[in-house]
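Protein chains in written order, with our numbering: chain P, 314 to 539; chain V, 314 to 539. Glycine residues also receive a C-beta, built at the ideal position from the N, C-alpha and C atoms. Computed from a predicted structure; not experimentally measured. What follows is a single structure, written as structure tokens, with notes after it.
Number of protein chains: 2
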Amino acid sequence: MLTPAPTTAADARPSIRLLLADDHRMLREGLRHSLTELGFTVVAEARNGAEAVELASSTKPDIIVLDVTMPELDGVEAARQIRATNAEVGIVMLTMHADQDVLTEAIRAGANGYLVKDCSMDEIAAAIDAVALGETALSPGLAASMLAEVRRQDGSNQPSRVITAREEEVLQLIADGCSTPEVAEQLFISQKTVKNHLASIYQKLDARDRTQAVLQAVRMGIVKLS
Amino acid sequence: MLTPAPTTAADARPSIRLLLADDHRMLREGLRHSLTELGFTVVAEARNGAEAVELASSTKPDIIVLDVTMPELDGVEAARQIRATNAEVGIVMLTMHADQDVLTEAIRAGANGYLVKDCSMDEIAAAIDAVALGETALSPGLAASMLAEVRRQDGSNQPSRVITAREEEVLQLIADGCSTPEVAEQLFISQKTVKNHLASIYQKLDARDRTQAVLQAVRMGIVKLS
DNA sequence: CCGTGTTTGGTCCGTTCGGCCCATGCAGTT
DNA sequence: AACTGCATGGGCCGAACGGACCAAACACGG
Numbered sequence: 314m315l316t317p318a319p320t321t322a323a324d325a326r327p328s329i330r331l332l333l334a335d336d337h338r339m340l341r342e343g344l345r346h347s348l349t350e351l352g353f354t355v356v357a358e359a360r361n362g363a364e365a366v367e368l369a370s371s372t373k374p375d376i377i378v379l380d381v382t383m384p385e386l387d388g389v390e391a392a393r394q395i396r397a398t399n400a401e402v403g404i405v406m407l408t409m410h411a412d413q414d415v416l417t418e419a420i421r422a423g424a425n426g427y428l429v430k431d432c433s434m435d436e437i438a439a440a441i442d443a444v445a446l447g448e449t450a451l452s453p454g455l456a457a458s459m460l461a462e463v464r465r466q467d468g469s470n471q472p473s474r475v476i477t478a479r480e481e482e483v484l485q486l487i488a489d490g491c492s493t494p495e496v497a498e499q500l501f502i503s504q505k506t507v508k509n510h511l512a513s514i515y516q517k518l519d520a521r522d523r524t525q526a527v528l529q530a531v532r533m534g535i536v537k538l539s
Numbered sequence: 314m315l316t317p318a319p320t321t322a323a324d325a326r327p328s329i330r331l332l333l334a335d336d337h338r339m340l341r342e343g344l345r346h347s348l349t350e351l352g353f354t355v356v357a358e359a360r361n362g363a364e365a366v367e368l369a370s371s372t373k374p375d376i377i378v379l380d381v382t383m384p385e386l387d388g389v390e391a392a393r394q395i396r397a398t399n400a401e402v403g404i405v406m407l408t409m410h411a412d413q414d415v416l417t418e419a420i421r422a423g424a425n426g427y428l429v430k431d432c433s434m435d436e437i438a439a440a441i442d443a444v445a446l447g448e449t450a451l452s453p454g455l456a457a458s459m460l461a462e463v464r465r466q467d468g469s470n471q472p473s474r475v476i477t478a479r480e481e482e483v484l485q486l487i488a489d490g491c492s493t494p495e496v497a498e499q500l501f502i503s504q505k506t507v508k509n510h511l512a513s514i515y516q517k518l519d520a521r522d523r524t525q526a527v528l529q530a531v532r533m534g535i536v537k538l539s
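This is how it looks when you write it as structure tokens:
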């Protein structure tokens, strides 16, 4: 199609094979276009996490570029599943917002890179190159907060752990519009227990009321807004 | 930079001058790349609504591609301001989610096109061409719901009206984690007034508490989650 | 077997929230 | 001039909420 653009480092990329996964075709096409021109080879594209998992095993790419927020299966969980069956593949996560907790989860899920979408194609290319060489690439600014997170974990406390299954049920019902008495009724438990779960949730999500908890949960992809 | 790619309909576009506005550089670059290659001329790029308004008046583009969710000034309000000073320019809105209310607001603000980001570059190009010719372009599926909306308006009721500026301030502060007393302090008004605004918001958004109101506002793009 | 975490439940207390009534003033519009 | 919408307030009340304690039952891994 195109005559290879005279890019600086394009020749230094020995046809790194990429799998792109994002639910927005516009972004997929933009990525494919620019990255192809920068010397990469896009072997497949996925519209959601489930497709990404399938295509990862069928096309065996070198690097997988995964959007965090995707239908069917979110990027973090997709990364976890891909990493479970393929320890060598490089995983670069893309996200809209620089969320500390999601970043932590993504790294824990086996991601090698984590970039906010507000970065240039050159930065993505550099990140892919770095990951291909076995390094870890983070968006500017995220590295600092990542270190802060590690330091915090080294400290003593565990401010953000994972929400339990029951707590997630409570959260989802709250997000769906239920009050505490209604959640209790739905789950066949007492109001007090619901309040206990909520108190636990507030601690884990660093929230002080249900509104903030639900918003944080939405940000983290724990609950879906109906 | 690039030799113009031998694209099919590129010659049929007499260098339509574009202004791109999106807060995510990745998407901006992808759009600029692909649209330039498709024969358009990108004269400027904006990172937020305020920049878009400025650049619209200084660079006088033919078509403005506006993301709905942007910092500083959201796309809908930016469209309104641009339309107020320039009646001829074509405005194409881009959005992540196909939200009915936002679509209605965008059209009312003077947008000529409304596309979800899950569409191909060719579809965007086609929409820009259509808008350049004075037509209105909507994403597939949105046209139908648009008609449904018009039909609903023809009916009789007005289930969801618009949130006022003051109400939006209150909503945003609530979403940012403020309680009623804190919102009152921030806005230098009494708690009672905040509660009055909230009551009005509940009616308009069909919510019964602040949690649901904020969630609905997030869905509708009224407030941004920080 | 003991510790940890999860889920279930309790009491008490002060604050917040949302609904209900109401009023005043200030802009536009008709 | 009258009407409508918006923003600003008041008081009252019952329900809901969140915190500060606590405790029992169960499962799971070391």
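In this structure, DSSP gives residue 333 of chain P an extended state, which the three-state scheme calls strand.
Residues of the stretch 495 to 516 of chain V with a C-beta less than 8 Å from any C-beta of chain P: none at all. For the pair residue 328 of chain P and residue 354 of chain P, the CB atoms are nearer than the 7 Å cut-off. For residue 377 of chain P, the pairing in a beta bridge is given by DSSP as P:332, P:404.
Sequence-distant Cβ neighbours of residue 415 of chain P in its own chain, meaning closer than 8 Å and more than five residues away, are 381, 389, 408, 532, 533, 534. With the criterion set as a beta carbon lying under 7 Å from some beta carbon of chain V, the members of the stretch 340 to 352 of chain P are 340, 342, 343, 344, 346, 347, in sequence order. Residue 401 of chain V is classed as exposed because its beta carbon has fewer than 16 other beta carbons within 10 Å across all chains shown. Residue-level contact by beta carbon holds for residue 434 of chain V and chain P, with a gap shorter than 7 Å. Residue 490 of chain P belongs to the set of residues whose beta carbon lies under 7 Å from a beta carbon in chain V. Beta-bridge analysis with DSSP links residue 366 of chain P to no other residue. The C-beta of residue 537 of chain P comes no closer than 7 Å to any C-beta of chain V. Any Cβ of chain P closer than 7 Å to the Cβ of residue 524 of chain V would place that residue at the interface, and such an atom is present.
Where residue 385 of chain V is concerned, there is no enclosing beta strand (DSSP E), because DSSP gives it neither an H nor an E. For residue 354 of chain V, the enclosing beta strand (DSSP E) starts and ends at 354 to 359.
Counting along the chain, residue 429 of chain V sits inside the beta strand (DSSP E) bounded by residues 426 to 429. Ranked by Cα distance from residue 372 of chain V, the options V:490, V:352, V:399, V:505 are led by V:399.
Residue-level contact check: residue 528 of chain P touches chain V, since one or more beta carbons of chain V fall below 7 Å from its beta carbon. For residue 373 of chain V, no Cβ of chain P is located within less than 7 Å of the residue's own Cβ. Around the C-beta of residue 521 of chain V, fewer than 16 other C-beta atoms lie within 10 Å, and the residue is accordingly described as exposed. Identification of chain P residues near residue 519 of chain V by a Cβ-Cβ cut-off of 9 Å yields none; the smallest Cβ-Cβ distance measures about 10 Å.
Distance from the Cα of residue 383 of chain P is smallest, within the candidate group V:376, V:410, V:368, for V:410. Between residue 361 of chain V and residue 342 of chain V the beta-carbon gap is near 16 Å, outside 8 Å, which marks them as no contact. Residue range 338 to 350 is occupied by the alpha helix (DSSP H) that includes residue 338 of chain V.
The beta carbon of residue 484 of chain P sits closer than 8 Å to the beta carbons of 476, 514, 526, 527, 530, 535, 536 from its chain, once the five residues preceding and following it are set aside; these are given in chain order.
V:433 is the residue among V:489, V:433, V:508 whose C-alpha sits nearest the C-alpha of residue 347 of chain V.
Note on geometry: alpha-carbon atoms of residue 419 of chain P and residue 492 of chain V lie some 32 Å from one another. Taking all protein chains in view, the Cβ of residue 430 of chain P is crowded by 16 or more other Cβ atoms within 10 Å, so the residue is classified as buried. For residue 524 of chain V, the secondary structure class from DSSP, reduced to helix, strand or coil, is helix.
The residues 360, 361, 380, 382, 383, 384, in chain order, have a CB closer than 8 Å to that of residue 336 of chain V in the same chain once the five nearest residues on each side in sequence are set aside. Counting along the chain, residue 511 of chain P sits inside the alpha helix (DSSP H) bounded by residues 504 to 518. Our two residues, residue 447 of chain P and residue 403 of chain P, have alpha carbons roughly 8 Å apart in a direct line. For residue 500 of chain P, the enclosing alpha helix (DSSP H) covers residues 493 to 500. Below the 7 Å Cβ cutoff, chain V contributes 431, 432, 433 as neighbours of residue 338 of chain P, in chain order. Within chain P, the residues whose beta carbon sits less than 9 Å from that of residue 531 of chain V are 528, 531, 538, listed in sequence order.
Scanning V:387, V:345, V:351, V:479 for the CA closest to the CA of residue 365 of chain V turns up V:387. Judged by DSSP in its simplified three-state form, residue 444 of chain P adopts helix.
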